[in-house]
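Contents: one structure, followed by commentary.
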Amino acid sequence: KLKNMKPSDTPLLVVGYMLLGMMLLLGMPAKAQDNEVFIDQTGNNLELSILQSGYANKIKNLTLSADASLWGASTTLKLQQIGNNNDIGMWTSGSNQNIRGYISGNYNDLFFDNHGDNNQLQADIVGDYNYAWLEAGASNNHTGNQIQLWQDGDNHYAYLEALNGSNNQIDAYMGNGQEDGYIKVIIGAGGSSNNVKVWQGKHEDGTLDNDELGSHEAYWFVYGDSNTLASYQTDTNRSSGGSDHHLANYITGDSNTVTHVQRGKLGHDGFIEIDGNNNTVDLTQRGGLNSKWADIVLDGNGHTVDVLQRGSQIGSAAIDLTNNGGSYNFTLSQDISTTTASYSITGICVSANGCTISINQDN
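Mapping of the sequence shown onto the numbering used here: position 362 corresponds to residue 363, and the numbering continues sequentially without gaps.
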């Protein structure tokens, strides 16, 4: 005991403390790494929270070759990783599940593959070069699901899918200095009455865009009827860096409503292709420092298309409207102040009620 030690024992005490300190330092690395959590669970009413801090951590199945699996209804799952080069893989089946992932760091992967009804998938990701895959799969009725993504940083990739279901919601955001962001959204065959919003930089009017660099890409592939689909790309407050935006929408189905908005200082490329009837398209491109280009191809009857291009640089639009006897309504407005505006229109209209085309150029 310390109180019983004699002065002659003091050197031994000092040496003992030094050895103890060295052992503690060796036993506690500066950062946790290669921690692995394996999940294979069946049952209802599960509440599970996992926090991993460090790098090269994993939440997977036992062999690390596939996603962890979770079967059951009324599940609450919160997975959080702080650091770099981490990996979350989760496969779930059941209804009324609330599955959330939190990522802070760089070069991380997050996969949520969910099968069921009335489920919520949410991922909040801050950092650079992160990958997110959020899927509401093809089993069960697959209705009433919500997929929400927030990616903050540079060079992200995101894949979001609602397959073979109805009344699902997808809301995806990339931004806050984001450069080279890529979002791909799938609404699978038979999907109806779904609601999709894709934001890159934000605005219209979710605001944000403090100093957005641009270079965004977003793609939709939608198969179904009566879906409401909106995409917004902006770099209005850009101070430097980045390149043009690219936004492409491919839709097969009837009575879909498409909103396509691109704003900012550099250029915008917009492409919409629809095969179906009675679809409504509203495309807006605004920007002052580079060209605005729109290509819209609609095959079917009863479409309504409204295109607005505004800014000081080149604006061009190519429109192809083909139908099998129904009418269409098309409006084009080009407000290009310093250079030329151009357009080409191809239309087949054999409707007894006629088709409507309105062109307005202010340059």
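Cβ coordinates follow ideal geometry from the N, Cα and C atoms, glycine included.
Please state the DSSP three-state secondary structure of residue i.
i, result
"Val308", "strand"
"Glu205", "coil"
"Ile315", "coil"
"Tyr344", "strand"
"Tyr174", "strand"
"Lys4", "Note that Lys4 has pLDDT 37, beneath the 50 cutoff, so the model's placement of it is unreliable and the number below is only indicative. In this structure, Lys4 counts as helix in the three-state DSSP scheme."
"Val69", "According to the sequence as given, residue 69 is Ala; it is not Val. Looking at Ala69 - three-state DSSP - the assignment turns out to be strand."
"Ile337", "strand"
"Asp363", "coil"
"His217", "coil"
"Gln98", "coil"
"Lys266", "coil"
"Asp321", "strand"
"Ile358", "strand"
"Ser1", "Since the first residue shown for the chain is 2 and the last is 364, residue 1 is missing from the structure and cannot be characterised."
"Leu78", "strand"
"Ser292", "coil"
Less than 7 Å separating the beta-carbons of residue i and residue j?
i, j, result
"Asn196", "Ala163", "no"
"Ser317", "Ser343", "yes"
"Leu248", "Ala295", "no"
"Asp226", "Thr253", "no"
"Asn278", "Asn250", "no"
"Ala69", "Asp35", "no"
"Trp134", "Tyr160", "yes"
"Glu136", "Asp110", "no"
"Asn119", "Gly145", "yes"
When the Cα of residue i is compared with those of the options, which residue comes out closest?
i, options, result
"Asn46", "Asn87, Ile89, Asn99, Lys59", "Asn99"
"Gly55", "Gly84, Gly265, Thr235", "Gly84"
"Tyr174", "Tyr224, Asp363, Gln123, Gln81", "Gln123"
"Leu284", "Asn119, Gly277, Leu52, Thr258", "Thr258"
"Gly102", "Asn146, Val282, Trp151", "Trp151"
"Asn169", "Ile187, Tyr183, His157, Thr76", "Ile187"
"Ser75", "His269, Ile60, Leu49", "Leu49"
"Leu333", "Tyr183, Gly154, Gly145, Val282", "Val282"
"Asp300", "Gly327, Ile315, Gly145", "Gly327"
"Gly321", "Thr253, Gln310, Val262, Val306", "Just to set this straight, residue 321 is Asp in the shown sequence, not Gly. Checking every option, the nearest Cα to that of Asp321 belongs to Val306."
"Tyr233", "Lys198, Thr43, Gly303, Asn115", "Lys198"
"Lys61", "Asn302, Ile89, Val351", "Ile89"
"His304", "Asp270, Leu267, Ile349", "Ile349"
"Phe222", "Ile273, Asn361, Ser216", "Ile273"
"Asn156", "Val127, Asn330, Ile171", "Val127"
Exercise for the section: Entirely within the stretch 126 to 171 and at least 3 residues each: give me those beta strand (DSSP E) ranges in chain order. Expected result: Listed in chain order, the complete beta strand (DSSP E) runs (minimum 3 residues) inside the stretch 126 to 171 are 132 to 137, 147 to 153, 158 to 163.
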